[in-house]
DNA sequence: GCCTTTTTAGCACGATCGTGCTTCATCTGC
DNA sequence: GCAGATGAAGCACGATCGTGCTAAAAAGGC
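Protein chains in written order, with the numbering used here: chain A, 1 to 205; chain B, 206 to 410.
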């Protein structure tokens, strides 16, 4: 009876439009009208798939979290497959950390949208649950990575926590700088900073 | 002839209202009407002192940059007064880096407003010049600090640049986390992370 | 006491926003 | 072929925004 449309695919098209708008014009410009235009639909159509503006944005937040967390998880498994200390292991670690940086066009959109939602969650309470989920997911992966990199400090829980938090902070700071000063914070500079941080991790303990 | 009002003081009152609104409700809520209400004035009065909304916001950005840069400069002079390696020197360095973190209520407002304007500058071109000035000012201080902390690497320009950028990234990341997850990223955690980073800097080279 | 200039206050316009609601088109199952 | 569910589109309302503009209020100089 109904007109058959792949609803999930349509929803994803709309979410992609949201991502493009946030990446280019910021979260505050991601209104229903702008999103509908970008997706080539009418406002009423977008609202057919998302009950409200908040639901659309929260769902978009959720999608970008899943995308990033999925890439992180896959990269973590690559790290765990390599022998600690080997060059391949080192490269896999760099690859993992690079998932959180805007090193190519696709990841640039993702981390930009991701950061926009996280900062917006400070003000807009509807984003808070997803922001907390995002934080837990990333912290879990980076925490496991730090445990892997600092096996000698396994008994010193506080050292592991501090180092995980330090690595997380450096990553978020790099991400911020790469997004705000892209001409200065190049991909090479990101890699140099990560190398320096890792070498400090290896030698320090 | 005129009604005598200290125009500069009035402008500062309005700017303070802008700060409070941004810190509590975000930059996008800092409209002329909200700012006027917060300052206890009428919209027309605010517009008497600031030609437009953009001028008000850009001037507010400039004020917060000067505040932070001034504190950084003063802290840098304290650092330079102490003998490198002494406990007093170490404490002065921590004090300097803490100027960029929301460790008390006053600094929390400042760094929150500061971050809001910097991220907005990615989208709103009117903020770009001040954002660039902010970046230069902070990078100059942190750069001098890194030179002071790594005298042995004075000839390796690239090492100094990388370490300055790494310290900047860690600071911005800590600031972001402290603002977004204030219950987890406490002042003590910030200090632990900074201590770990500095100890890595001392031993690494 | 009045005049002039600064300060304060307010109105009105067009633009944008989210959203409740209605209307039309489209396609499937019978 | 047609009934009915579903997708697509649009209107209208109230709220908020920046801004051009006007007008009242306040206060020092004469």
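Virtual Cβ for every residue (Gly too), placed ideally from N, Cα, C.
N-terminal and C-terminal residue of the alpha helix (DSSP H) that residue i is part of
i	result
residue 300/B	292-303
residue 179/A	157-180
residue 312/B	310-326
residue 40/A	Here residue 40/A belongs to no alpha helix (DSSP H), and DSSP marks it neither H nor E.
residue 29/A	Residue 29/A -> no alpha helix (DSSP H), and no H or E assigned at all.
residue 346/B	333-354
residue 280/B	258-286
Candidates the options: closest to residue i by CA position
i	options	result
residue 96/A	80/A, 103/A, 110/A, 72/A	72/A
residue 216/B	394/B, 392/B, 354/B, 244/B	244/B
residue 307/B	394/B, 406/B, 407/B	394/B
residue 213/B	251/B, 247/B, 231/B, 239/B	251/B
residue 201/A	51/A, 152/A, 181/A	152/A
residue 221/B	390/B, 318/B, 291/B	318/B
residue 404/B	345/B, 295/B, 304/B, 334/B	295/B
residue 390/B	135/A, 191/A, 13/A, 155/A	135/A
residue 268/B	324/B, 336/B, 289/B, 298/B	336/B
residue 181/A	326/B, 258/B, 235/B, 253/B	326/B
residue 226/B	265/B, 408/B, 255/B	265/B
residue 383/B	254/B, 237/B, 320/B, 368/B	320/B
residue 396/B	52/A, 158/A, 107/A, 84/A	158/A
residue 74/A	88/A, 50/A, 141/A, 104/A	141/A
residue 52/A	77/A, 65/A, 31/A	31/A
Anticipated Cβ contact below 8 Å, residue i with residue j, distance rounded
i	j	result
residue 228/B	residue 343/B	Not really, about 20 Å apart at Cβ, beyond 8 Å.
residue 58/A	residue 126/A	6 Å
residue 372/B	residue 402/B	7 Å
residue 328/B	residue 26/A	4 Å
residue 99/A	residue 147/A	Not confirmed; about 18 Å, so no contact.
residue 56/A	residue 14/A	7 Å
residue 379/B	residue 169/A	5 Å
residue 238/B	residue 248/B	6 Å
residue 370/B	residue 193/A	6 Å
Quiz item: Which of the residues in the stretch 319-334 of chain B, read from start to end, lie with their CB under 9 Å from any CB of chain A?
Solution: Residues 320, 321, 323, 324, 325, 326, 327, 328, 329.
Quiz prompt | Cβ-based contacts, 7 Å cut-off: residues of the stretch 214-246 of chain B near chain A | solution = Residues 230, 231, 233.
Exercise. Would you list, in chain order, the members of the stretch 83-102 of chain A that have their beta-carbon closer than 8 Å to a beta-carbon of chain B?
Key: Within the stretch 83-102 of chain A, no residue qualifies.
Self-check item: Interfacial residues, the stretch 126-157 of chain A to chain B, with Cβ spacing under 8 Å
Solution: Near chain B, meaning a CB-to-CB distance below 8 Å, the residues of the stretch 126-157 of chain A are 131, 135.
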